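Notes to accompany the following structure.
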Amino acid sequence: MSGMWPLWEVFIRARRGMSHIHVGSLHAPDAEMALRHARDVYTRRGEGVSIWVVPSSQITASSPDEKDAFFDPAADKIYRHPTFYDVPADAPHL
Amino acid sequence: MRSGNANSGTRWADAELTARAQPLVEYTLRLADDALVLSQRLGEWITRAPELEEDVALANIALDLLGQARALLTYAGQTEGAGRDEDALAYLRDDREFRNVLLVEQPNGDFAVTMARQLVFAAYQYELYDRLRASADQTLAAVAAKAVKEVAYHREHAALWVCRLGDGTDESRRRMVAGLDAVRPFVDELFDTDDLISQLGAVAVDPADLREPWAAYVDAVLTDVGLELPDPDHTARGGRLGLHGEALGYLLAEMQHLHRSHPGASW
Amino acid sequence: MDGSDEQEAAFYAIIDADGRIEPRDDMPEAYRRSLVRQIAQHAHSEIIGMQPEGNWISRAPSLRRKAILLAKVQDEAGHGLYLYAAAETLGVSRDELLDKLHTRRQKYSSIFNYPTLTWADVGAIGWLVDGAAITNQIPLTRCSYGPYARAMVRICKEESFHQRQGFEALLALTRGTPEQKAMAQDALNRWWYPSLAMFGPPDTEGGGAKRSTHTEQSMRWGIKRFSNDELRQRFVDMTVPQADVLGLRMPDPDLRWNDERGHYDFTPPDWDELFAVINGDGPCNAQRIEHRVSAHHEGQWVRDAASAYAAKRQRHLEGVA
Numbered sequence: 000m001s002g003m004w005p006l007w008e009v010f011i012r013a014r015r016g017m018s019h020i021h022v023g024s025l026h027a028p029d030a031e032m033a034l035r036h037a038r039d040v041y042t043r044r045g046e047g048v049s050i051w052v053v054p055s056s057q058i059t060a061s062s063p064d065e066k067d068a069f070f071d072p073a074a075d076k077i078y079r080h081p082t083f084y085d086v087p088a089d090a091p092h093l
Numbered sequence: 000m001r002s003g004n005a006n007s008g009t010r011w012a013d014a015e016l017t018a019r020a021q022p023l024v025e026y027t028l029r030l031a032d033d034a035l036v037l038s039q040r041l042g043e044w045i046t047r048a049p050e051l052e053e054d055v056a057l058a059n060i061a062l063d064l065l066g067q068a069r070a071l072l073t074y075a076g077q078t079e080g081a082g083r084d085e086d087a088l089a090y091l092r093d094d095r096e097f098r099n100v101l102l103v104e105q106p107n108g109d110f111a112v113t114m115a116r117q118l119v120f121a122a123y124q125y126e127l128y129d130r131l132r133a134s135a136d137q138t139l140a141a142v143a144a145k146a147v148k149e150v151a152y153h154r155e156h157a158a159l160w161v162c163r164l165g166d167g168t169d170e171s172r173r174r175m176v177a178g179l180d181a182v183r184p185f186v187d188e189l190f191d192t193d194d195l196i197s198q199l200g201a202v203a204v205d206p207a208d209l210r211e212p213w214a215a216y217v218d219a220v221l222t223d224v225g226l227e228l229p230d231p232d233h234t235a236r237g238g239r240l241g242l243h244g245e246a247l248g249y250l251l252a253e254m255q256h257l258h259r260s261h262p263g264a265s266w
Numbered sequence: 000m001d002g003s004d005e006q007e008a009a010f011y012a013i014i015d016a017d018g019r020i021e022p023r024d025d026m027p028e029a030y031r032r033s034l035v036r037q038i039a040q041h042a043h044s045e046i047i048g049m050q051p052e053g054n055w056i057s058r059a060p061s062l063r064r065k066a067i068l069l070a071k072v073q074d075e076a077g078h079g080l081y082l083y084a085a086a087e088t089l090g091v092s093r094d095e096l097l098d099k100l101h102t103r104r105q106k107y108s109s110i111f112n113y114p115t116l117t118w119a120d121v122g123a124i125g126w127l128v129d130g131a132a133i134t135n136q137i138p139l140t141r142c143s144y145g146p147y148a149r150a151m152v153r154i155c156k157e158e159s160f161h162q163r164q165g166f167e168a169l170l171a172l173t174r175g176t177p178e179q180k181a182m183a184q185d186a187l188n189r190w191w192y193p194s195l196a197m198f199g200p201p202d203t204e205g206g207g208a209k210r211s212t213h214t215e216q217s218m219r220w221g222i223k224r225f226s227n228d229e230l231r232q233r234f235v236d237m238t239v240p241q242a243d244v245l246g247l248r249m250p251d252p253d254l255r256w257n258d259e260r261g262h263y264d265f266t267p268p269d270w271d272e273l274f275a276v277i278n279g280d281g282p283c284n285a286q287r288i289e290h291r292v293s294a295h296h297e298g299q300w301v302r303d304a305a306s307a308y309a310a311k312r313q314r315h316l317e318g319v320a
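Line by line, the protein sequences give chains D, V and L. FYI, in numbering that gives the first Met the number 0 the residues of the first sequence are 0 to 93. FYI, in numbering that gives the first Met the number 0 the residues of the second sequence are 0 to 266. FYI, in numbering that gives the first Met the number 0 the residues of the third sequence are 0 to 320.
And the structure:
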């Protein structure tokens, strides 16, 4: 899709003394808009004090458990690659 | 800059003023109606915004404005002392009794027109409420103290978008230029002053004082992306006297119809 | 998964211990696909649901009601966003999902294919539709897929507020003028059976005791905790006393308390109608999709502009002329 905005992960620190917690993700064209959207969507109830936004592609994740035999070193992104699963258009129930 | 038009804002306001017994009510209604009508316009974007995140953002702004309108209408009704509450004022006045500026009643147009309107108006409200915090009237001061934080956010939102549309694609730039053209005729009215203002003294903020700081902010935003507010080819005013365009009638008809269909009912 | 027995055993061990599957865990491909579909359709429901209620923002009969409705519709957009975010953890993009919605390859809750004809419909949606949604959603806060369960916790907190507001709006009508009371009764008459249908068809085969394969699979995976019929019964039992408080008459002459069962007996909705509406034959199907597609299409130049601006700034930062 043309003009698709990248995915950002959102972390909120609700109060002083706490650490930032991952609350979800959103789409935004750049960091400034990502922060604004995060404030609008994730703190609508005035919940957030500090917001971090990070492009999802910038996050490196560890293996879920340390079973190296099943860990694919290339797949170190936080979510499965969008292109990894290519579902045929006529697949039922999709 | 005042236009060379013989029908200057000041002269129109003087003529109406003799009929006004309660200047504070009149002044409060101006602010209230601005917020109410703009809130109504922004609400029209819900389910139609360019991205879901913008549905949320625009609803936020509409809600803030509605909150300002409700507080101001309630105060106007109390001050008037004729038993009119926020709903009586919102739903039972006719167009000729509304005191909003013409800018806020204009149809939304495309997203660029709406953002042009937002930049102009939110920047105006920011300067207004910033100074109104020092009003000699406690209630207006309190409303302003809360509202100034909200409109600072609105102003920033508009600036973000004007930049992105102004310096995005060729198409978005074309539309942004057209958007600024569309709102320009309605800018001067924001800064009109009249005898009502001087009558209220330290209670009111003189709109004429707002033009310079407003222009500093707006020009900075526009210059950043190589845009500018054009010279107007005409200037429209009359809203403060209840002389609106034809669009307001339709807006109010839609807004008021259900309420008016059930006289005296509670909701 | 590659069909490795160890991976599959690890997956089911988590499920059986009532644990949470997280985005990078091994999972059966069918589990992933089923979740993508379910979460996406849930998200689509939230954003399509904005339309029938958004229909009344401009005409709300008091400023307080206008504010409440604006906040509610705004919440629904937010819920849609939470859910798209949850779906994206499974390796799809929001754009793909929206495209499936726009081309009708994925669906949304059929309840939103009915029109909101009066102000009372707005109250009825809050009371009945959100009530049914909550009944469905509370068990989902414990579903096996972590991001979905966590999104549901956020959503449920906000949704209970909506249901109360809808009920309160109807209460104002039933305590109001005869015209207002008639408006409320009319809304209940039209929204009751569609609300019952929200829980889906009976998930037993042939009306007997054997559950459908889909339901069985969903339960084995910890996605579904209760059957459609169990949830529907729960909703009826909760809602009938509320109708009494409102002073409204249920449009079901056979609705009555059954002492033996300890539940209300009620007439089921017309399943033929439900399937017809799901398959595109409801009063508003075309309109809902058209509205959504149109908004998306008209917003393209805006989204493109924002992307272009970001790209320019990025190139500038990187020192490219």
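Every residue gets a Cβ at the ideal spot worked out from N, C-alpha and C, and that includes glycine. These figures come from a predicted structure and were not determined experimentally.
Name, please, each residue of chain L whose Cβ falls closer than 7 Å to the Cβ of residue i.
i       : result
V/PRO49 : GLY298, VAL301, ARG302
So residue i contacts chain V; which residues on that side make the cut at Cβ distance below 7 Å?
i        : result
L/SER57  : GLN39, GLY42, GLU43, GLU253, MET254
L/LYS336 : Nothing about residue 336 of chain L can be reported from this structure: the residues present for chain L run from 0 to 320 only.
D/VAL40  : GLU52, VAL55
Comparing C-alpha positions only, which one of the options sits nearest to residue i?
i        : options                                : result
V/ASP54  : D/MET3, D/VAL22, D/ARG35, D/ALA13      : D/ARG35
L/ASP251 : L/ASP264, L/PRO240, L/ASP120           : L/ASP264
V/GLY225 : V/VAL147, V/ARG130, V/LEU179, V/ARG98  : V/LEU179
V/ASP193 : V/VAL204, V/ARG183, V/PHE185, V/PRO184 : V/VAL204
V/LEU209 : V/GLY165, V/CYS162, V/LEU199, V/ASP191 : V/ASP191
D/LEU6   : D/ALA60, D/ALA30, D/ARG12              : D/ALA30
L/ASN227 : L/ALA76, L/PRO267, L/GLY48             : L/PRO267
L/LEU195 : L/PHE160, L/ILE110, L/SER57, L/LYS223  : L/ILE110
Over the uninterrupted beta strand (DSSP E) stretch that includes residue i, give me the two end residues.
i        : result
D/ARG25  : The sequence as given places Leu at residue 25 of chain D; Arg does not occur at that position. D/LEU25 -> beta strand (DSSP E) spans 20–26.
L/TYR263 : 262–264
D/VAL131 : Chain D is shown from 0 up to 93; residue 131 of chain D falls before or after that span and cannot be answered.
L/TRP190 : That residue, L/TRP190, is in no beta strand (DSSP E); its alpha helix (DSSP H) goes 177–196.
L/ASN278 : Premise fails: L/ASN278 is in no beta strand (DSSP E) and is neither H nor E.
L/ARG255 : 255–257
D/ILE50  : 49–54
Listing by chain order, which chain V residues have their CB less than 8 Å from the CB of residue i?
i        : result
L/GLN184 : Those within 8 Å of L/GLN184 in chain V number zero; the least Cβ separation is about 16 Å.
D/HIS26  : GLU50, GLU52
Look at the Cβ atom of residue i, then the Cβ atom of residue j, and state whether they are nearer than 8 Å.
i        : j        : result
V/ALA61  : L/LEU69  : yes
L/GLY298 : V/ALA48  : yes
L/ASP329 : L/TRP190 : Outside the displayed span of chain L (0 to 320) sits residue 329 of chain L, for which this structure offers no information.
V/ALA270 : V/ALA181 : Past the edges of chain V, shown from 0 to 266, lies residue 270 of chain V, and the structure says nothing about it.
L/PRO200 : L/LEU127 : no
V/ARG29  : V/ARG98  : yes
L/GLY122 : L/LEU62  : no
V/ARG183 : V/LEU228 : yes
L/ARG312 : L/ALA148 : no
So residue i is in the alpha helix (DSSP H); what residue range does that whole segment cover?
i        : result
L/LEU82  : 62–87
V/PRO22  : 22–42
V/SER260 : 245–260
L/SER217 : 212–219
D/ILE58  : No alpha helix (DSSP H) contains D/ILE58, which DSSP labels as neither H nor E.
L/PRO138 : 129–139
L/ILE46  : 28–53
Identify the contact partners of residue i in chain D, using a Cβ-Cβ distance below 9 Å as the criterion.
i        : result
L/TYR308 : PRO28, ASP29
L/ARG312 : ASP29
L/ALA305 : GLY2, TRP4, ALA27, PRO28, ASP29, MET32
Which residues in chain D sit within 8 Å of residue i, going by Cβ to Cβ distance?
i        : result
L/ALA294 : Going along chain D, no residue has its Cβ under 8 Å from L/ALA294, so there is no contact; the nearest lies around 15 Å.
Run through chain L and tell me which residues come within less than 8 Å of residue i, C-beta to C-beta.
i       : result
V/ARG69 : LEU62, ARG63, ALA66
Strictly below 9 Å CB to CB, what residues from chain V border residue i?
i        : result
L/HIS290 : THR46, ARG47
L/ALA70  : ALA58, LEU62
Relative to the ligand SAH, is the shortest distance from any of its heavy atoms to the C-beta of residue i smaller than 7 Å?
i        : result
L/PRO268 : This structure simply doesn't include the ligand SAH, nor any ligand for that matter.
According to a CB-to-CB cut-off of less than 7 Å, which residues of the region 28–45 of chain L neighbour chain D? ARG32, ARG36
Short of 7 Å Cβ to Cβ, which residues in the region 164–193 of chain L face chain V? ALA171, GLY175, THR176, GLU178, GLN179
Given a limit of 9 Å on CB to CB distance, which residues of the region 144–157 of chain V reach chain D? TYR152, GLU155, HIS156
Scan the region 7–23 of chain D for residues whose Cβ lies nearer than 7 Å to a Cβ of chain V and list them as they occur along the chain. none
Taking only beta carbons into account, state which residues of the region 72–98 of chain L come closer than 9 Å to chain D, listed in chain order. GLN73, ASP74, ALA76, GLY77, LEU80, TYR81, TYR83, ALA84, ALA85, GLU87, THR88, LEU89, GLY90, VAL91, SER92, ARG93, ASP94, GLU95, LEU97, ASP98
To be precise: take each residue of the region 157–175 of chain V, compare its Cβ to all Cβ atoms of chain D, and keep it if any distance is under 7 Å. Which residues remain? LEU159
Give, in chain order, every residue of the region 110–124 of chain L whose Cβ lies closer than 8 Å to some Cβ of chain D. Cβ contacts with chain D come from no residue of the region 110–124 of chain L.
At a Cβ cut of 7 Å, what residues of the region 76–89 of chain V count as close to chain L, listed as they run along the chain? GLU85, ASP86, ALA89
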